[in-house]
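Let me begin by presenting the structure, written as structure tokens, before commenting on it.
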Amino acid sequence: MTTSKFFKKLSIAVASTAFMSLSGATIAQAISITPNNNGEALVNEILGSGITIDLDSINYRGANGASGIFTDGLSSGIGIDQGIILTTGKAKDAEGPNDLDKTTTENNYRGDPDLDGLITEKTKDATILEFEFETQGGNVFFNYVFASEEYNEFVDSKFNDVFGFFLNGENIALIPGTTTPVAINTVNGGKNLETNGSNSEFFNNNDPSDGGPFFDIEYDGFTNVFTAQALGLASGSHTIKLAIADTKDQGWDSAVFIQAKSFSDGGTSDGDTSDGDTQDVPEPIIDGGILAEPPAQDTEDVPEPSIVIGLLGVGFAGSLLKKKSTKSHN
788 MTTSKFFKKL SIAVASTAFM SLSGATIAQA ISITPNNNGE ALVNEILGSG
838 ITIDLDSINY RGANGASGIF TDGLSSGIGI DQGIILTTGK AKDAEGPNDL
888 DKTTTENNYR GDPDLDGLIT EKTKDATILE FEFETQGGNV FFNYVFASEE
938 YNEFVDSKFN DVFGFFLNGE NIALIPGTTT PVAINTVNGG KNLETNGSNS
988 EFFNNNDPSD GGPFFDIEYD GFTNVFTAQA LGLASGSHTI KLAIADTKDQ
1038 GWDSAVFIQA KSFSDGGTSD GDTSDGDTQD VPEPIIDGGI LAEPPAQDTE
1088 DVPEPSIVIG LLGVGFAGSL LKKKSTKSHN
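This is the structure we're talking about:
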């Protein structure tokens, strides 16, 4: 490993450790998951102001135990305290600590053609929540975090679990200010943190083989809180499809967390946080016709490594140099 690659790993490790110190998160605290496959219960959990749901249109498709309702997300550092989780494996497996580099549940469930259209490989083990809604204000947005066990070793590979939020058939799960879908290959810290990352300012490392774990959650990496949004929708009914799936094989699970009460038309969410305060949902922004990055949210972001690099020594060195295990496929 070159000196520059070593210090890249070190800076990400220090940033994550400092995050835990500044946020008060500790390994003793953990996100709590209650498995739930009831489509109406899942929709009600994320439903916010200004949105009317057609209850007859709610359609959940997925394996038993693949989805659920979570609480105490802030204590685990994901930036969202409460909401729903959709996974490619078992929702309960998201609970920390991160003591395994390759958590997998093979549900033997089918994939999804819309997700297939986002990639070049076939999907498997899809979990999908779909429903029709009307918006009073003409807008819709909601907050989410994507997480995966495929970080960091399968960055820039074909084993790239995929998710999408299809509004009237168009994916709105995009990197802020771009038309690029959020995925492992588009938001990461580099393969094993040794290559140049992609949109790494939005990425949080939690890999036990790359200096972690730093957060009390099973997944080896996850994004910052993103906002999916669309403006100026026509009056009448619209369809949203929230979907996630394994790609090519069923190994190394992934998940998407969606914030409670944030599926709204632009008002303020009343989703609970750890201290009982309300979570303000940011107003959408348009920048040159592209949905721009939302204003700063009251979430638990990882501090910049340059801020905290001088606070800690290089005691991480030994753990950072461990080799990653190799994924086997049929």
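Residue numbering for the sequence shown is 788 to 1117, as defined by this note's numbering.
Glycine included, C-beta positions come from ideal geometry on N, C-alpha and C.
If you're wondering where the values come from, they're calculated on a predicted model, not measured in any experiment.
From the DSSP output, in three-state form, read off P822 for me. Walking along the sequence shown from the start, residue 822 turns up at place 35. Residue state, collapsed to three classes: strand.
Considering only C-alpha positions, which residue in the set G904, T967, T966 and G1008 is nearest to G977? Position 190 of the sequence shown, counted from the start, is the residue given in the question as residue 977. Nearest option by C-alpha distance: G1008.
Suppose contacts are defined by Cβ-Cβ distances below 7 Å. Is T1010 in contact with V1043 by that definition? Reading the sequence shown from its first residue, position 223 is the one you call residue 1010. Reading the sequence shown from its first residue, position 256 is the one you call residue 1043. No, the Cβ-Cβ distance between T1010 and V1043 is not below 7 Å.
Ordered list of beta strand (DSSP E) runs contained in the region 865-916, each at least 3 residues: 870-874
Taking the alpha-carbon of T786 as reference, which of T1034, Q1046, D1052 and S1041 has the nearest alpha-carbon? Here the chain covers residues 788 to 1117 and nothing more, so residue 786 does not appear.
What would DSSP say about A1125, mapped onto helix, strand or coil? In the structure displayed, the chain extends from 788 to 1117; residue 1125 sits before or after that span and is not available.
Exposed or buried, what is S1024 when buried is set at 16 or more other beta-carbons lying within 10 Å of its beta-carbon? Numbered from 1 along the sequence shown, position 237 holds the residue referred to as residue 1024. Result: exposed.
Do G852 and K877 have their C-beta atoms within less than 7 Å of each other? Counting from 1 along the sequence shown, the entry for residue 852 is found at position 65. Counting from 1 along the sequence shown, the entry for residue 877 is found at position 90. In this structure, K877 lies closer than 7 Å to G852 by Cβ.
Coil, strand or helix - D1059 by DSSP: Taking the sequence shown and counting its residues from 1, one reaches residue 1059 at position 272. Its pLDDT being 40, under 50, D1059 is placed unreliably in this model, and the value from its coordinates should be taken loosely. Reduced to three states, the DSSP call for D1059 is strand.
Taking F904 as the reference, give the member of V949, I865 and S863 with the closest Cα. Taking the first residue of the sequence shown as position 1, residue 904 is located at position 117. Note that residue 904 is Gly in the sequence shown here, rather than Phe. The alpha carbon of G904 has as its nearest neighbour, out of V949, I865 and S863, the alpha carbon of V949.
Residues in the same chain with beta-carbon distance under 8 Å from V787, minus the five sequence neighbours each way, listed in chain order, please. Because the chain here runs from 788 to 1117, residue 787 falls outside it and cannot be looked at.
Quick one: residues in its chain with C-beta nearer than 7 Å to the C-beta of N979, no 5 flanking neighbours on either side, listed in chain order? Position 192 of the sequence shown, counted from the start, is the residue given in the question as residue 979. Correct list, in chain order: N939, E940, D997 and K1111.
State buried or exposed for D886, treating a residue as buried only when at least 16 other CB atoms are found within 10 Å of its CB. Walking along the sequence shown from the start, residue 886 turns up at place 99. Classification of D886: exposed, given that the 10 Å Cβ count is below 16.
Rounded to the nearest angstrom, what separates E832 and L1029 at their Cα positions? If you number the sequence shown from 1, residue 832 lands on position 45. If you number the sequence shown from 1, residue 1029 lands on position 242. Approximately 14 Å, taken between the alpha carbons.
Would I820 and K889 qualify as a contact pair, given that the criterion is a beta-carbon distance under 7 Å? Here residue 820 corresponds to residue number 33 of the sequence shown, with the count starting at 1. Here residue 889 corresponds to residue number 102 of the sequence shown, with the count starting at 1. In this structure, K889 does not lie closer than 7 Å to I820 by Cβ.
Are the CB atoms of E937 and W1039 within a distance shorter than 7 Å? The residue given as residue 1039 occupies position 252 in the sequence shown. The residue given as residue 937 occupies position 150 in the sequence shown. Contact flag set, yes.
Alpha carbon of D994 to alpha carbon of S1022, nearest angstrom: Along the sequence shown, read from residue 1 onward, the residue named residue 994 stands at position 207. Along the sequence shown, read from residue 1 onward, the residue named residue 1022 stands at position 235. Taking the straight line joining both Cα atoms gives about 45 Å.
Where DSSP assigns a beta bridge to K1028, which residues make up the other side? As a position in the sequence shown, residue 1028 is number 241, starting the count at 1. The partner list for K1028 (beta bridge, DSSP) reads E917 and F953.
Closer than 7 Å, CB to CB, is D843 near chain B or not? Looking at the structure shown, chain B is missing, and only one protein chain is on hand.
Residues near T839 in its chain [Cβ-Cβ closer than 6 Å; skip 5 each side]: On the sequence shown, residue 839 is found 52 positions in, with the first residue counted as 1. Result list for T839: E921, in chain order.
Would you list the residues sitting across from F1013 in a DSSP beta bridge? As a working mapping, residue 1013 is identified with position 226 in the sequence shown. Y931.
Under the three-state reduction of DSSP, which class applies to F946: helix, strand or coil? The residue labelled residue 946 in the question sits at position 159 within the sequence shown. Coil.
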